[in-house]
Every structure is written in structure tokens, then in C-alpha cells.
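Asks:
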Amino acid sequence: MVITQDGLLINTEAVYSEVTQEVLDKYAPGQKFTWDFKSKLMGRIGHESAAMIVEHFNLPMTPEEYIEISAKIQEEKFPLCKPLPGVERLIKHLHNHKIPIAVATSSLRSKFELKTTSCRDLFKLFDYVVCGDDPEIKKGKPSPDIFLTAQKHLGNPPSENCLVFEDAINGIEAGLAANMHVVWIPDLNLLQLNGRENTHGACRVLESMAHFDPEVKILNYYSLTGRPEPYRYYISNVHRISLCLPSKAMITLSPLKSSLTEILHKLSILMYDMYFNEQGSQYIEKFSCRFEFYLSIKKTLSTVTMIA
Numbered sequence: 001m002v003i004t005q006d007g008l009l010i011n012t013e014a015v016y017s018e019v020t021q022e023v024l025d026k027y028a029p030g031q032k033f034t035w036d037f038k039s040k041l042m043g044r045i046g047h048e049s050a051a052m053i054v055e056h057f058n059l060p061m062t063p064e065e066y067i068e069i070s071a072k073i074q075e076e077k078f079p080l081c082k083p084l085p086g087v088e089r090l091i092k093h094l095h096n097h098k099i100p101i102a103v104a105t106s107s108l109r110s111k112f113e114l115k116t117t118s119c120r121d122l123f124k125l126f127d128y129v130v131c132g133d134d135p136e137i138k139k140g141k142p143s144p145d146i147f148l149t150a151q152k153h154l155g156n157p158p159s160e161n162c163l164v165f166e167d168a169i170n171g172i173e174a175g176l177a178a179n180m181h182v183v184w185i186p187d188l189n190l191l192q193l194n195g196r197e198n199t200h201g202a203c204r205v206l207e208s209m210a211h212f213d214p215e216v217k218i219l220n221y222y223s224l225t226g227r228p229e230p231y232r233y234y235i236s237n238v239h240r241i242s243l244c245l246p247s248k249a250m251i252t253l254s255p256l257k258s259s260l261t262e263i264l265h266k267l268s269i270l271m272y273d274m275y276f277n278e279q280g281s282q283y284i285e286k287f288s289c290r291f292e293f294y295l296s297i298k299k300t301l302s303t304v305t306m307i308a
């Protein structure tokens, strides 16, 4: 699993906006740093973003001077950044379950250290951190370099087994270019700007990390790859994972027409879609038990039916 840093793990995107607007107020009075323009900067390396800002707002300075001016303001604000909702819970869960995780940030290594000042213990749980100025990164997003580098340092698992969390559109493009699954967690301003229907190729769109439940959904994400391990894990630990079904819902599958793995794959996708698309969902442990009973004891049934 690979997670971008700014805007997903810690609240740095708000700081970037504040700093940029502060510079504009001083050197280009009346100019506003809008989300329309900000969305074009997200995920880019520092010098590239600086050059775009200087050109777009016609600032009386070079990109290097802009970086120097904004860096002085950032030095005061970045150390105060905190983890965003749901982040600590998710990272600790993945670490405790030995799921390889990496940070992939376009920030310079020095900026990464500054931003994580108040939460170093949390970032120690990651197996690897890739930064935009690492020698292996030849091109920034939307090039897949940063995600391919993270993949290599996580043991080089197959790309289809890698899950990327991104908040930037060019980050989604980078993840897809690396042939990985991408979950998009955009700022609500960006979501409104681009429209809720446009997923840009992401497999899922969530409002925040807090909406990602690792006890249930991490298995469903991994099931999309066809790996057998999550299925075995799911059945053996069914007593504490629980199906999430809306009221009066029915799932009917035909075991005689498919292999057990295919049945589990289809079921996990159905469960996943129902969780996100139905309102008023609730955890119902008894159906998890029935699920286990049918699949492990009654494999010869013509149908597997669960009714909530």
C-alpha cells in the first residue's frame, strides 16, 4: 500500500494555501489563490510548482526566490501540522497486521522532515518513505516514478497487488500509469470543482481516510487483485470482521457454476459496493457467521443466500 502525504496523512495542503496567499498579498495584491489553479499544482515537485505560480501570477521574482520566500513562512507553520482524521487508526492497523506501507511524497526530504515534526512516531511505522528529491525519481507526477520506487522498496510485489491512496488528479494518473489500483480522497473543494461523477480512473472515491475501514475494506480492495490470501484471512477471522449489509438486502450466488475463489471474489465486490452505495448500513455479525457456515460446511448448496 502506498499513500501520498500532503492532504491525506497530514493537514499540509491548508498550510500551502495559506503560505501562497500570504506571498500573493505582499507581491501581487488583489490576486487570489483559487482551487482552480491549486488543483493544477497538487502532486508536483517544488520547483515545478514554484515556476507555475510565478508565471501565473506574474510575480516579480524567480521561482528560486519564490521558494526561498515561501520556505521561511513554511518553517513556522509546517511543524504544527497534525495527522488528518482516520490516519493514525489506519496506519497502526496496517502496521500491526504487517501489511507493507510506504509514503510517496513529491516534497523534498527536508520538507518531509519539517512537516512530520509533531508526528514522527507515526511515520516510523511506514516501511519506506519516498521523497521528490530522491535520486531514483527522475520525473514527478503524473510520471509513475515515485510509486514504482515505493513498490521496489516494499519488496517489488506485482503492481496489481498495490493500492495507492491519492488526493491529487495527477497522482491518480501516476498510480494508474504504474498499473496500480488507486483510491481517490480529494479535498471537497477539488471534488466540487471536478464533479462527483468524474473519478479520473480511481477504483473508489472517499471523503477522508476516516471513511476507510481496514477491518472490512482492506480485504475487499485486495480481493480485486484475485489473491487468495485475503479470502482465507476473511473466513478464518470472520467472527471479528463482519459483513456490512443494508436492511432487507439479499445476495444470491451459485457455487456450482463457479470456483470457490470466484464466488468469494464476486461476493466481496458486492459487499464493498453495497457498503458505499447504501445509506444506513450497519454491521451484522450473524450474517458473517452464516457466510462462513455456507462456504466452509455447505459448499455443495446450489445457492448461497443471505438476507438481512
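Read in order, the letters of the sequence shown are residues 1 to 308 in the working numbering. By construction, the Cβ of each residue, glycine as well, lies at the ideal position given by its N, Cα and C atoms.
Suppose contacts are defined by Cβ-Cβ distances below 8 Å. Is residue 41 in contact with residue 91 by that definition?
Replies: As a first step, residue 41 is located in the sequence shown; it is residue number 41 there, counting from the start. As a first step, residue 91 is located in the sequence shown; it is residue number 91 there, counting from the start. Result no, Cβ atoms of residue 41 and residue 91 do not sit closer than 8 Å.
Asks: Can you say whether residue 188 is buried or exposed, counting buried as having 16 or more other CB atoms within 10 angstroms of its CB?
Replies: Here residue 188 refers to the residue found at position 188 when the sequence shown is read from its first residue. With fewer than 16 Cβ atoms within 10 Å of its Cβ, residue 188 is classed as exposed.
Asks: Spatial neighbours of residue 181 within its chain, please: CB distance less than 6 Å, with the 5 preceding and 5 following residues excluded, ordered by chain position.
Replies: For this step, residue 181 is matched to residue 181 along the sequence shown. Non-local C-beta neighbours of residue 181 in its own chain, meaning closer than 6 Å and more than five positions away in sequence, comprise 163, 203, ordered along the chain.
Asks: Could you check whether residue 86 and residue 1 sit closer than 8 Å to each other, using their CB atoms as the reference points?
Replies: Position 1 of the sequence shown holds residue 1. Position 86 of the sequence shown holds residue 86. Not in contact: residue 1 and residue 86 (Cβ atoms no closer than 8 Å).
Asks: Among 167, 21, 39, 29, which residue has its Cα nearest to the Cα of residue 104?
Replies: Translated into positions along the sequence shown, residue 104 becomes position 104. Nearest C-alpha to residue 104: 167.
Asks: Determine the extent of the beta strand (DSSP E) in which residue 163 is found, giving its start and end residues.
Replies: In the sequence shown, residue 163 corresponds to position 163, counting from 1. Its beta strand (DSSP E) spans residues 163-166.
Asks: Among 115, 150, 141, 191, which has the Cα closest to the Cα of residue 172?
Replies: Looking up residue 172 in the sequence shown gives position 172. Of the listed residues, the one whose Cα sits closest to residue 172 is 141.
Asks: Quick one: any contact between the region 96-116 and the region 51-62, if contact means 3 or more CB pairs under 8 Å?
Replies: no
Asks: Just list the residues that DSSP pairs residue 204 with in beta bridges.
Replies: Indexing the sequence shown from 1 puts residue 204 at position 204. Note: residue 204 is bridge-paired with 183 in the DSSP secondary-structure output.
Asks: By a C-beta neighbour count over all protein chains shown, 10 Å radius and 16 as the cutoff for buried, is residue 151 buried or exposed?
Replies: Within the sequence shown, the letter at position 151 stands for residue 151. Counting Cβ neighbours within 10 Å, residue 151 comes out buried, since at least 16 surround it.
Asks: Can the beta-carbon of residue 134 be found less than 8 Å from the beta-carbon of residue 101?
Replies: Here residue 134 refers to the residue found at position 134 when the sequence shown is read from its first residue. Here residue 101 refers to the residue found at position 101 when the sequence shown is read from its first residue. Cβ atoms of residue 134 and residue 101: not closer than 8 Å.
Asks: Once DSSP output is grouped into helix, strand and coil, what is the label at residue 6?
Replies: On the sequence shown, position 6 is the one that residue 6 refers to. Note: residue 6 maps to strand in three-state DSSP.
Asks: Where does residue 50 land, buried or exposed, given buried means 16+ other C-beta within 10 angstroms?
Replies: Taking the sequence shown and counting its residues from 1, the one referred to as residue 50 is at position 50. By the neighbour-count criterion, in which a residue is buried when 16 or more other Cβ atoms sit within 10 angstroms of its Cβ, residue 50 is buried.
Asks: From residue 69 to residue 117, what distance separates their C-alpha atoms?
Replies: Taking the first residue of the sequence shown as 1, we reach residue 69 at position 69. Taking the first residue of the sequence shown as 1, we reach residue 117 at position 117. If you take the alpha carbons of residue 69 and residue 117, they lie about 21 Å apart.
Asks: Between the alpha carbons of residue 185 and residue 27, how many angstroms are there, rounded?
Replies: What you label residue 185 is simply residue 185 of the sequence shown in a count that begins at 1. What you label residue 27 is simply residue 27 of the sequence shown in a count that begins at 1. Straight-line Cα distance between these residues: approximately 33 Å.
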